[in-house]
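Undergrad:
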Amino acid sequence: MQATMDRKRSVLDTPILTSLTLNWWAILLIGIVLIGGVTRYYDLGTRALHHDESIHARWSFDLYQTGSSFKYDPTYHGPLLYYAVDMAFMLFGPSDYATRIAPAFFGMILLLLPLLLRKHLGRAGVLATMFFILISPSIMYYSRALRHDIFALTGTMLMVASVWRYLDSREAKWLYVFTLGLAIGHTSHELTFLTDYILAGAFAIALVYEFTGFWPLAVLGLVIYAATPTVNLPIAILLLGLPLAIFVILRVAEGLGINVGDRLHVGIVTKTIAGIQGYHYSVMALIFIAIIVPLFTTMFNWLPGLGTALTGIVYWLGQHGVARGAQPGYYYLIMLPLEEFTVLIFGVVGFIYWAVHQARTRSAGERQTEQQILIGRYFPFFLLYWFLASLILYSWAGEKMPWLVIHITLPLCLAAGWFVDRMLTAFDWQTVQKNGGLILAALAPLFIILFGAVLRGRPALGATAISQQTQTIQWLAMLLLLIVIVVAIGWLWMRLGMQSGAQVLAMVILAGSSLFSIHTALMASFTFGDIAKDMLIYVQTTRDVTNVVQRIDLLSQRLTSGKDMVVVYDDESSWPLTWYLRDYKNQRYEPKGPTAPPDAPVVMVGLGNDDKVKPLMGNYTRTHLKLRWWFPEFYKSPDETVRTFLGPQAHETMPTNPTRMQQFSTWMRTLGDIISSPVGRSRLWRFWFYRDLWDPNTGKETTYGQLGSTDFVVYVRKDLTDSFWSGGPAVTKAAAPSIDQSNYERATKTIASILTIGGQRGAGNGQLADPKNVALDSLGNIYVADTLNHRIQKFDPTGKFLMAFGSFGDGDGQFNEPWGIAVDKDGNIYVADTWNYRIQKFDATGKFITKWGNGLVDTKGAAGGQPGVFYGPRAIVIDKDGNLLVADTGNKRIQRFDPNGAFLGQFGTVGTLDGQFNEPVGIAVDKDGNIYVADTWNHRIQKFDSTFKYLAQWPVLGWDSESIVNKPYLATDADGNVYATDPEGHRVLKFSPNGSILVIWGKYGNDATSFNLPVGIVVDSAGNVYVADAMNQRIQKFAPVK
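Each residue of the sequence shown is one higher than the last, beginning at 0 in numbering that gives the first Met the number 0.
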């Protein structure tokens, strides 16, 4: 009875742990998979969808809604992505997160596929390969992006793994898995034809080797086959048919009774492929057709899609002539060391190790079994061929993009994993530990740190100053410690033996570079994400877009209790807005923007259409934002590269129509200049480790806001502006005074300048780089804040250059974007050194006298904040008593100082009430000592007496944008009239002392009647008006304006 009960015991009664064997291999495997899930799926929805992603998402959304709207177009690649995202939408609903679930899923499949190659990679090699795929910066990033490449790469890996499994086992199921991978690749991306070429080439080269038994001929075949498309594409297409031709010959030979296998040197691949039966091909064809036909024909709803699929290769080849991105031929030689240095190092070393090992094996005359030949000879050779063919062909292809680097990275991951397995297998852990291997491992990174410190140090030998002597002693101490460590490393290495010592150091390098790769991957995928400071990110939608869309959603919810609000957008902003506005039934697409005054609450247009739209938008506030930004491509030019890393004073010229040798020597010289310079080495390290960037024209570090961009403009109806940007209730701002626009129209005139200074961007004497301000001395000399040249230039009244002083930096007499300047009656010059957060004083010759301000201090706009410190000081003006008034813009206040920087008083706090400010920029003082302040974001000018008592205010029709360059300045004339610049309105406004508009002049352009971002302004005693026309790189002088 008991025996019967035992037999009836269910499997559910079996304790879990007794049937589950967990060793360290399994635990590491589970850890890699779990971390892979986190890095692939965590926070997928935060990053804005870029241009291409938004197209893929919107097409998937349309397919999700209709089930039949998709029509294959090779421009936007294969149908698999769209159906995969459609399925994600069905399961989770449409969202930014859901759009990236499918690529993350395929990224996880790719991570698991090396398990199929456990026999070839080894137990440790499988884990190492999975680890390398896990931490690969490019594979991680593009597993989290809605692009076709991760789908195609997964198909490629499935094909590769199934081929080797079939060669091992000759089981037909692996032929069918291969067909599945082939179908995944071809339904993902047209570049799978390139993968076909590479894999067919591997077969052809194996056949050459097996027919001849001469391995150098196989290597030569590898090079010829991989390079042929770069020379002659038709021949390459013929070569693609070589394996098929050989297969036909083998079949014919078999039919004639010839035993081909007996005539081959080894014949492993040839005999295996020749053994495939005809019905296997039939099943493979059926599997392929069963996947390809439904997807390309949209489930048989669009039959022409099948014909388009067959011609997709024609479109893809045509794109190479277009050369989208115009990347140089050495593009991937930059990408791989920058992003994939760990697998590049260990993959290349692995190839060298394999070649040396094979040479020793052959010289020893060792006989090997078929399995040993497959695993030890063919598989590593295939990885080498796969890597080189991919590198050559993708470098040859006209379109070189960062997402394509994953196709070159994958074979390196496998090669590095294969090598790590061999390295760990040969590692004698006990002997190494016993003979001081752990100490050697600890000393190696310490040596690197100290070696770098010694190189960076500057001993002042023979110096007498205490500080210099201390510096020299510290450097000598580091040098002595470095010598001790070198001796210790040498002794330990000798004790361990050459091979074991090299293995220990290799393990240290592996650990260090892996940590570096993890840092690089997390930085690209999570720290930056949608900020284009990494080459992987390339062109990316900015967070301005998602911020605006969130505000549109909130406003629409308040106005319509849903998404029924009218939103207008144009052709320049349509992607990604077509995706983000997918639920707005009343969205209105107007290709070039509105052609008549609209009534929609929100209108968005690209900057290229804005000039035509702006005159129609009198009832709207205007905000200039970034639509897309991109990584600065300094690497395309040796001159731009050397100026990026050494500063604008450095130059390197490429010869006209250079030969390849001239190109190579120029680049080698450029790299040598950078590496030999302490500044160059420091910047190169910061770029590699932190992705810090520098402007080659100014030498200034590039911030997020200074990345190159395609911009757009958001117009919000004035009665909704406050609620839109603040997220508050949809009500009109009650305190906002009305403006009669007709008065502005009547006051508008065309006035030409009578003198121009500058006009050419540059760093030479008399040349300017975005000058933001201008001042005059008592003799009529003209002083210019040459902002992006970080200097002050002086000209005589006729515009003749007299002198210049200043450079980029934070030392005395150096500047970081000076935006304000004033000259007192004694000729002393005061400069608002804006992003050094200070005021500097110089004598009439430009000699430094003093400074005040102590770095960035943010008072949060609180009343009576810490005196004498600044947050982005802009305008400076000298009052009737000779004291300075400074617009402390970021702290929303005005501060007063005596000529030597002693604090005298302040007024203002953040807000919209009388006497409060929101971005105060320009200041002016009239003959009676009254103070005028450009209260920019409150769109008004406020007037105060000399004791800071509020007197009056008037509104300004303009100053709509809150961009970093829309900073208006003020001036007064002898009659008390007030002049104000309207930078992004490209005009100057003249008001009476009580705020009535008198004259408006200027428009967008570069002739004598136009401006391009007028900022600073000053009026001389005769009434002549001087304007800093920043983006036209000039100062314009106008006769008295009546």
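Where a beta carbon is used, it is the ideal one built from N, C-alpha and C, also for glycine.
1. Applying the criterion that 16 or more other CB atoms from any shown protein chain within 10 Å of the CB defines a buried residue, is R146 buried or exposed?
2. Look at the alpha carbon of E170 and the alpha carbon of T74, and state the distance between them as a whole number of angstroms.
3. Taking only runs of the alpha helix (DSSP H) that begin and end inside the stretch 593 to 668, which ones reach a length of at least 4 residues, in chain order?
4. Bridge partners for V713 per DSSP, in chain order?
5. Rounded to whole angstroms, how far is the Cβ of F350 from the Cβ of S512, which I believe are closer than 8 Å?
6. How should E744 be labelled, buried or exposed, when 16 other C-beta atoms within 10 angstroms of its C-beta is the threshold for buried?
7. According to DSSP, is Q952 part of a helix, a strand, or is it coil?
8. Cα separation between F1037 and L754?
9. T709: which of H50, Q326 and T786 sits nearest, CA to CA?
10. Going by C-alpha distance, which of Y71, I100 and L337 is nearest W301?
11. With distances taken between CB atoms, is the gap from L767 to Q1035 smaller than 8 Å?
12. Between the C-alpha atoms of F345 and A831, what's the straight-line distance to the nearest angstrom?
13. Can you tell me which of A205, F131 and R164 puts its alpha carbon nearest to the alpha carbon of A414?
14. Return helix, strand or coil for R690, following the three-state DSSP convention.
15. With DSSP run on the structure shown, which of helix, strand or coil describes G757?
16. Among the residues of its own chain, which have a CB less than 6 Å from the CB of P575, if the five just before and after it don't count?
17. What span of residues does the alpha helix (DSSP H) with D739 cover, start to end?
18. Using the rule of at least 16 other Cβ atoms within 10 Å of the residue's Cβ for burial, across every protein chain shown, is T620 buried or exposed?
19. Please state the DSSP three-state secondary structure of R146.
20. Look at the alpha carbon of W23 and the alpha carbon of A123, and state the distance between them as a whole number of angstroms.
21. Please report the Cβ distance between R587 and F723, rounded to the nearest whole angstrom; I am assuming they are in contact, meaning their Cβ atoms lie under 8 Å.
22. Return helix, strand or coil for D1058, following the three-state DSSP convention.
23. Near D570, which residues of its chain fall below 6 Å by C-beta distance, leaving aside the five closest residues on each side in sequence?
24. DSSP state of Q905, grouped into three classes?
25. Decide if K846 is buried, meaning its Cβ has at least 16 other Cβ atoms within 10 Å, or exposed.
26. Skipping 5 residues on each side, what residues in its chain have a beta carbon closer than 8 Å to that of Y81?
27. Tell me which residues share the same chain as R642 and place their Cβ nearer than 6 Å to its Cβ, disregarding the 5 neighbours each side in the sequence.
28. Please name the residue, chosen from L190, D691 and G928, that lies closest to T946 on a Cα-to-Cα basis.
29. At a cut-off of 7 Å, is G124 close to the ligand ATP when judged by its beta-carbon and the heavy atoms of the ligand?
30. DSSP three-state label for L114, please.
31. From the DSSP output, in three-state form, read off G346 for me.
32. Once you ignore the five residues that flank A729 on each side, which residues in its own chain have a CB closer than 7 Å to its CB?
33. Going by the CB atoms, is the gap between P954 and A933 shorter than 8 Å?
34. What residue range does the beta strand (DSSP E) around P1039 cover?
35. With 16 other CB atoms within 10 Å as the buried threshold, where does Q915 fall?
36. Go ahead and label T469 buried or exposed: buried means 16 or more other beta carbons lie within 10 angstroms of its beta carbon, across all protein chains shown.
TA: Reading from the atomic positions:
1. Walking along the sequence shown from the start, residue 146 turns up at place 147. It is buried - the Cβ of R146 has at least 16 other Cβ atoms within 10 Å.
2. As a working mapping, residue 170 is identified with position 171 in the sequence shown. As a working mapping, residue 74 is identified with position 75 in the sequence shown. If you take the alpha carbons of E170 and T74, they lie about 38 Å apart.
3. 606 to 612 and 637 to 645
4. Numbered from its first residue, the sequence shown carries residue 713 at position 714. In the DSSP output, where bridge partners are listed per residue, V713 has M603 and T622.
5. Here residue 350 corresponds to residue number 351 of the sequence shown, with the count starting at 1. Here residue 512 corresponds to residue number 513 of the sequence shown, with the count starting at 1. Going by Cβ atoms, the distance from F350 to S512 rounds to 17 Å, so no, they are not a contact pair.
6. The residue you call residue 744 lines up with position 745 of the sequence shown. By the 10 Å Cβ count, E744 comes out exposed.
7. Residue mapping note: residue 952 aligns to position 953 of the sequence shown, counting from 1. Strand, per DSSP.
8. What you label residue 1037 is simply residue 1038 of the sequence shown in a count that begins at 1. What you label residue 754 is simply residue 755 of the sequence shown in a count that begins at 1. Taking the straight line joining both Cα atoms gives about 7 Å.
9. Counting from 1 along the sequence shown, the entry for residue 709 is found at position 710. Ranking the options by Cα distance to T709, first place goes to H50.
10. By one-based count along the sequence shown, residue 301 stands at place 302. Per the Cα distances, Y71.
11. Your numbering for residue 767 matches position 768 in the sequence shown. Your numbering for residue 1035 matches position 1036 in the sequence shown. No, they are not a contact pair.
12. On the sequence shown, residue 345 is found 346 positions in, with the first residue counted as 1. On the sequence shown, residue 831 is found 832 positions in, with the first residue counted as 1. Spanning the two alpha carbons is a distance of roughly 53 Å.
13. Taking the sequence shown and counting its residues from 1, one reaches residue 414 at position 415. Comparing Cα-Cα distances from A414 to each of A205, F131 and R164, the minimum goes to F131.
14. Taking the sequence shown and counting its residues from 1, one reaches residue 690 at position 691. It is coil, neither helix nor strand.
15. On the sequence shown, residue 757 is found 758 positions in, with the first residue counted as 1. Reduced to three states, the DSSP call for G757 is strand.
16. Taking the first residue of the sequence shown as position 1, residue 575 is located at position 576. Hits under 6 Å: L48, S53 and T540.
17. As a first step, residue 739 must be located in the sequence shown, where it is residue number 740. No alpha helix (DSSP H) contains D739, which DSSP labels as neither H nor E.
18. Here residue 620 is taken as the residue at index 621 of the sequence shown, counted from 1. Buried, by the Cβ-count rule.
19. In the sequence shown, counting from the first residue as 1, residue 146 sits at position 147. Looking at R146 - three-state DSSP - the assignment turns out to be coil, as it is neither helix nor strand.
20. As a first step, residue 23 is located in the sequence shown; it is residue number 24 there, counting from the start. As a first step, residue 123 is located in the sequence shown; it is residue number 124 there, counting from the start. For W23 and A123, the distance between alpha carbons rounds to 11 Å.
21. As a position in the sequence shown, residue 587 is number 588, starting the count at 1. As a position in the sequence shown, residue 723 is number 724, starting the count at 1. About 18 Å; that fails the 8 Å criterion.
22. Nothing about residue 1058 can be read from this structure; the chain reaches only from 0 to 1041.
23. Here residue 570 refers to the residue found at position 571 of the sequence shown. Taken in chain order, the residues that qualify are P590.
24. If you number the sequence shown from 1, residue 905 lands on position 906. Q905 falls in the strand class under three-state DSSP.
25. To locate residue 846, count along the sequence shown from 1; it is residue 847. The residue is exposed, with fewer than 16 neighbouring Cβ atoms inside 10 Å.
26. The residue labelled residue 81 in the question sits at position 82 within the sequence shown. If we look at Y81 and ignore the five residues flanking it on each side, its Cβ neighbours are H55, W58, S59, L62 and F69.
27. On the sequence shown, position 643 is the one that residue 642 refers to. Contacts found: A649 and P695.
28. Position 947 of the sequence shown, counting from 1, holds the residue named residue 946. For the residues L190, D691 and G928, the minimum Cα distance to T946 belongs to G928.
29. For the ligand ATP, the structure offers nothing, since it holds no ligand at all.
30. Position 115 of the sequence shown holds residue 114. Here L114 sits in helix by DSSP.
31. To locate residue 346, count along the sequence shown from 1; it is residue 347. The answer is helix: DSSP assigns G346 an H, G or I state.
32. Taking the sequence shown and counting its residues from 1, the one referred to as residue 729 is at position 730. Because A729 carries a pLDDT of 35, less than 50, the predicted location of this residue cannot be relied on, and the following value inherits that uncertainty. Counting only Cβ-Cβ distances below 7 Å, and skipping sequence neighbours, we find L554, R557, L558, L719 and S722.
33. On the sequence shown, position 934 is the one that residue 933 refers to. On the sequence shown, position 955 is the one that residue 954 refers to. Cβ atoms of A933 and P954: not closer than 8 Å.
34. Taking the first residue of the sequence shown as 1, we reach residue 1039 at position 1040. P1039 -> no beta strand (DSSP E), and no H or E assigned at all.
35. On the sequence shown, residue 915 is found 916 positions in, with the first residue counted as 1. So Q915 ends up on the buried side.
36. Counting from 1 along the sequence shown, the entry for residue 469 is found at position 470. Label assigned to T469: exposed.
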